[in-house]
Each structure stands twice: as C-alpha cells, then as structure tokens.
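The sequence shown maps to residues 1 to 271 in full-length UniProt numbering. Quick reminder that beta carbons are idealized off the backbone N, C-alpha and C, glycines included.
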Amino acid sequence: MPAPLSYTNNLYNEQYLFVTFTKLHYVPIAGFLSSLLAILVPYAISVYLGDTPAILPFISDAGGDPPQSILFGLLLSATSFIGAIGMCMKYLMVRHQNWNPVDVRVEQVNRWSCTGGVLVCLGGIIVSLSPTGHLRRDCTWYSSMFVPHMIGACMVFGIGYATTLMHLYLHYLTEPRWKTSPLFYVRALLSTVGIVAMMITAFNWLLFDMTLMIPPSGRGKVYPQGMLGAVIAEWIMVFIFQSYVLTYIPDFRKATFVLKVNMDGIRSKRE
1 MPAPLSYTNN
11 LYNEQYLFVT
21 FTKLHYVPIA
31 GFLSSLLAIL
41 VPYAISVYLG
51 DTPAILPFIS
61 DAGGDPPQSI
71 LFGLLLSATS
81 FIGAIGMCMK
91 YLMVRHQNWN
101 PVDVRVEQVN
111 RWSCTGGVLV
121 CLGGIIVSLS
131 PTGHLRRDCT
141 WYSSMFVPHM
151 IGACMVFGIG
161 YATTLMHLYL
171 HYLTEPRWKT
181 SPLFYVRALL
191 STVGIVAMMI
201 TAFNWLLFDM
211 TLMIPPSGRG
221 KVYPQGMLGA
231 VIAEWIMVFI
241 FQSYVLTYIP
251 DFRKATFVLK
261 VNMDGIRSKR
271 E
C-alpha cells in the first residue's frame, strides 16, 4: 500500500503536518489482487462443495451460496473501496496535469470518468450485498436478491467499460506521443475485447430460454447446451476488466500525494 513519509524535507512545523504518500502503484495492484481473489476463492469452494460444475460456471453462481458468498461479498467490498480511492486519485492526477493550460475537454472527460468510476464501485457494493446466482441450492429462483445483483453487475461492467473508453480518450488528450505509446494500444485492445465479450454475454442472456436453466431438485446447478459461449464470454469480460486496472500502474508510480493537516482550529479553541 502507499508508504507515508513525514517529518522529512521540512514537511513538519508547528502549524502544519504534511504527510507524503509514495509508491502509489500498489493501489491498482491491490485492487487487481482483491478482485481476483473475490472470484477464484469462491469458485474453488463452490466446486469443492459441489454447488457448481468445475468447468466454467457463471461467476455469480460460484459465489452465490454460503459460505463462499461471504468471502465473495467481503473481497468485492474491499475491491470497491480500493477502486473508489483509486478513481479519486486518478481524477486528481489528471486535474493537476491539466492545470496550465487548461483543456476544457480534459476537464469534462476527467469529471465524467471519475463519476463513472465511483458508480462502478457503487455497483460493486450492490453486488457484494446481494451475492446470488440465478438459482439457490434448492433450485428455486431468488428474485429479491437476483434483481439487485444484476443491476449492480450492469453498473460495474456497463459503466465500467464506458469509463475505460473515457480514460483511453484522456490518454489521447494528455499524451502528445500517444501514437507511439504501447500503453495506449494495450488499453484500446483490452477495452475492445472486453466490450465484445460483454455484448456476447448480454446477447445470450436476452435470447436464451431461462426455464431451461432450472435443473431437477437435488442435482445442483447445471447448464443446458448452448450456454457455454455466454459463460466463457463472462469470464473473459471480467478478467479483461481486472487486467485494465493494471494499466494504471505507470500513472500511479509517477505520482506523489501530499496530505496537509491543519490544526489551527483546534488550537484556537484551546487558547
């Protein structure tokens, strides 16, 4: 995590305390690792307990039953918290970079991308509070949790991939040498593949007969023929989205944040 350094280089006096945060590249790394664990740990438990098949179940099914749903919710909440911090930091970085001269396009896109990033994290919280798949263990629907789960998932990936495009546009606006920047093309590739996978997943869910997904009681979750493409697309969509977070490492590594603590108000009350 970011390393705070204080009381150095005249960063402390009687009036103010300045705390410097460096090594900020650990923020996207922590977000990536927590999101990865939020998927893989519940998946391993669900396969071990026989709740889902080992060959690519839907992620929401793998984390939909206790005890794995508890870990799914905790880790996804941690990811959302880290993501909200990271999005605000990214906003401040771009704002500082755009200080002089001010590009109105950068300012507007930066504001919208930060708002989108916060909404993505809110969607992650909604999913973490309603961890359920399409069916419960007794093979009945759980609509009261499944509906908010799907709303949160649409916020995470729908708004999330729109935010990746906005950050790609910000890269274009703020980096004069974007044509020779490998990072720009990596982000463009990840965004394109992720959006295609998201569209395939949504297309299959909209067209598929959901009644075919209800298995006989006691068999656990099984998937009918024809759903494998949607499952594969969902896993690709999620892993691509997680991988996009790692592209922020170079930006965060270059940045340093300084926290200024002013205690004048408390001192004046004491006096």
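Pairing residue 198 with residue 262, the inter-Cα distance amounts to about 47 Å. Bridge pairing for residue 16: 262 [DSSP]. For a cut-off of 8 Å, the C-beta gap from residue 109 to residue 169 is around 6 Å, short enough to register as a contact.
For residue 89, the enclosing alpha helix (DSSP H) stretches over residues 68–97. In the structure shown, the three-state DSSP call for residue 58 is coil. Taking C-alpha positions only, residue 147 is separated from residue 19 by approximately 44 Å. By the Cβ rule, the segment 227–246 does not count as touching the segment 169–183, because fewer than three pairs are nearer than 8 Å. In terms of Cβ geometry, residue 76 and residue 128 form a close pair [threshold 8 Å]. Under the three-state reduction of DSSP, residue 115 is assigned to helix. Within the same chain, and ignoring the five residues on either side of residue 258 in sequence, the residues whose Cβ sits closer than 6 Å to its Cβ are 18 and 20.
Residue 113 and residue 96 have their C-alpha atoms some 15 Å from each other. In this structure, DSSP gives residue 163 a helical state, which the three-state scheme calls helix. For residue 180, DSSP records no beta bridge to any residue. Scanning its chain for C-beta atoms nearer than 8 Å, with the 5 sequence neighbours on each side dropped, one finds around residue 67 the residues 45, in chain order. In this chain, residue 63 is not harboured by any alpha helix (DSSP H), its DSSP state being neither H nor E. Rounded to whole angstroms, residue 124 and residue 131 show a C-alpha spacing of 10 Å.
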